[in-house]
Amino acid sequence: MYAGCSLDSFAGRARAAQLHPRGRSRFGGCTQNVRDLKELPTAFLEIANVLRRSADGGGGWRLSGADPVPVGGGRVLVECRREAVATGAPAGGTVEPMESEEIVIRLRAAGCVFAEDEAALLLETARDDEELESMVARRVQGLPLEHVLGWVEFAGRRYSIGPGVFVPRPRTEFLVREVAKLAPEKAVVLDLCCGSGAVGAALAEAIGAGELHASDDDPAAVACARQNVQNVYEGDLYDGLPASLRGRVDVLVVIAPYVPTDAIALLPHEARDFEPLSTLDGGADGLDVLRRVISAAAEWLAPAGLLATEVSEGQVRALVELVAAAGLESTVIRDDDLDATVVVVRRSYG
Ligand SMILES: C[S@@+](CC[C@H](N)C(=O)[O-])C[C@H]1O[C@@H](n2cnc3c(N)ncnc32)[C@H](O)[C@@H]1O
759 MYAGCSLDSF AGRARAAQLH PRGRSRFGGC TQNVRDLKEL PTAFLEIANV
809 LRRSADGGGG WRLSGADPVP VGGGRVLVEC RREAVATGAP AGGTVEPMES
859 EEIVIRLRAA GCVFAEDEAA LLLETARDDE ELESMVARRV QGLPLEHVLG
909 WVEFAGRRYS IGPGVFVPRP RTEFLVREVA KLAPEKAVVL DLCCGSGAVG
959 AALAEAIGAG ELHASDDDPA AVACARQNVQ NVYEGDLYDG LPASLRGRVD
1009 VLVVIAPYVP TDAIALLPHE ARDFEPLSTL DGGADGLDVL RRVISAAAEW
1059 LAPAGLLATE VSEGQVRALV ELVAAAGLES TVIRDDDLDA TVVVVRRSYG
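Given below as structure tokens:
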């Protein structure tokens, strides 16, 4: 009997006990403190998962139940029965698949707001129980859902994505929709600071682009983008691009890092902890990268070409000023519901 131990230490001891199963039939009589009745489902799940993992690894054992019995003083007794299966049972063959409800409870306990939706996506994506358990565990640790799934849905399509790569934001679909209205037929599209490449790919798809090129300076982003689009280059801004693109770009989309350095600390932890700073930090006013993009844009744009970018509403005035200082003109398109602000830059609107 394990009396009054924390969930973690309980799980550890339970695991240790599983390594030395004593004969047939039972592993049980574990007591655990709970502060609140709401913790019960999570506690039992953890116990069940310890047993499940053990049964998975060892084979020849069946997990047959985990029954809570209140024993007073905020403690519960958990009877976890573990029964030897007749000879010849394949390893893991007797373990029930993880149920959606279990996953929802674990995700919710970890603070996932859309636990039901996420559980459905994890179940849909995992190829087997082992992968499912690993995905749930990573999500519970706080990894962005898209990094766990290995794909992101953007503008109605799924694109590959992996750890360390910026997850395209739903609000950027607004930029794709608005720019699609302005793009010429068979446009040559350049996605600068492309990350996963999803933005350029979605735009190219929406307008039936003639060519799509994408570039990023982060090798992880470049490798990811290459799974989603062709013609991906690596380098600082325009450095990796083929010279043949000079003066031919009809649509240059650039979602650069635009979070002011001081505002990084205010981002949700998923962004702060799992997206590299280089994908977020735009310097003191958030416009450092865009400043460099705009100063060289005219070299790459076709005569009637346009550049489209996204910033926060508070950055619009400074961006419009720096566009004008570069001898270019801008228009601003705003969607309050999405809190999305797109700035479209041309040589001239005249
Ligand atoms: C905010 S993320 C946007 C990614 C992608 N456009 C999207 O919306 O999903 C910014 C991207 O810019 C890239 N980046 C930052 N500085 C860069 C630079 N100097 N040259 C090229 N890429 C850069 C980062 O690696 C990151 O992938």
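Be aware that the sequence shown starts at 759, since it is given in the numbering used here, and climbs by one per residue. Built from N, CA and C at the ideal position, the CB exists for glycine as well.
Touch test, the region 917 to 929 against the region 876 to 894, Cβ-Cβ under 8 Å, three pairs minimum: no
Rounded separation between VAL1100 and LEU933 - CA only: What you label residue 1100 is simply residue 342 of the sequence shown in a count that begins at 1. What you label residue 933 is simply residue 175 of the sequence shown in a count that begins at 1. Going by the C-alpha atoms only, they are around 6 Å apart.
Proximal residues to GLN988 (C-beta, below 8 Å), its chain only, five neighbours per side dropped: Here residue 988 corresponds to residue number 230 of the sequence shown, with the count starting at 1. Taken in chain order, the residues that qualify are LEU970.
Sequence-distant residues of its chain with Cβ nearer than 8 Å to TYR1107 (five each side left out): Position 349 of the sequence shown, counting from 1, holds the residue named residue 1107. Excluding sequence neighbours, TYR1107 sits near GLU1087, THR1089.
With 16 other Cβ atoms within 10 Å as the buried cut-off, status of GLN1073: Against the sequence shown, residue 1073 aligns to sequence position 315. The Cβ neighbour count for GLN1073, taken over all protein chains shown within 10 Å, is at least 16; the residue is labelled buried.
Stretch-stretch touch, CB-based, cutoff 8 Å, three pairs: the region 972 to 982 with the region 936 to 943: No, because fewer than three Cβ pairs between the region 972 to 982 and the region 936 to 943 fall closer than 8 Å, the two stretches do not touch.
Given 8 Å, three or more beta-carbon pairs between the region 1040 to 1055 and the region 1012 to 1024: yes
Exposure label - HIS905; buried when at least 16 CB within 10 Å: Stepping through the sequence shown from its first residue, residue 905 is reached at position 147. Flag for HIS905 reads buried.
Continuous beta strand (DSSP E) stretch holding PHE912: start and end: The sequence position of residue 912 within the sequence shown is 154, counting from 1. It spans 909 to 912 - the beta strand (DSSP E) in which PHE912 sits, taken as one unbroken run.
Residues near ligand 1, criterion Cβ-heavy atom distance below 6 Å: In chain order, the residues positioned with their C-beta nearer than 6 Å to some heavy atom of ligand 1 are PHE924, PRO926, THR930, CYS951, CYS952, GLY953, SER954, ALA956, VAL957, ASP974, ASP975, ASP976, ALA979, ASP994, LEU995, ILE1013, ALA1014, PRO1015, SER1036, THR1037, VAL1047.
Outcome for PRO928 when other beta-carbon atoms lying within 10 angstroms are tallied against a minimum of 16: Within the sequence shown, residue 928 is the residue found at index 170, counting from 1. PRO928 counts as exposed, since fewer than 16 other C-beta atoms from the protein chains shown sit within 10 angstroms of its C-beta.
Range covered by the beta strand (DSSP E) that runs through GLU1087: If you number the sequence shown from 1, residue 1087 lands on position 329. Looking at the DSSP string, the run of the beta strand (DSSP E) that includes GLU1087 is 1087 to 1093.
SER954 (DSSP reduced to helix, strand or coil): Here residue 954 corresponds to residue number 196 of the sequence shown, with the count starting at 1. Three-state DSSP puts SER954 in coil, outside helix and strand.
Inter-stretch contact at 8 Å, needing at least 3 Cβ pairs: the region 1050 to 1063 / the region 896 to 914: no
For GLU1068: DSSP bridge partner residues: By one-based count along the sequence shown, residue 1068 stands at place 310. Beta-bridge pairing links GLU1068 to VAL1100.
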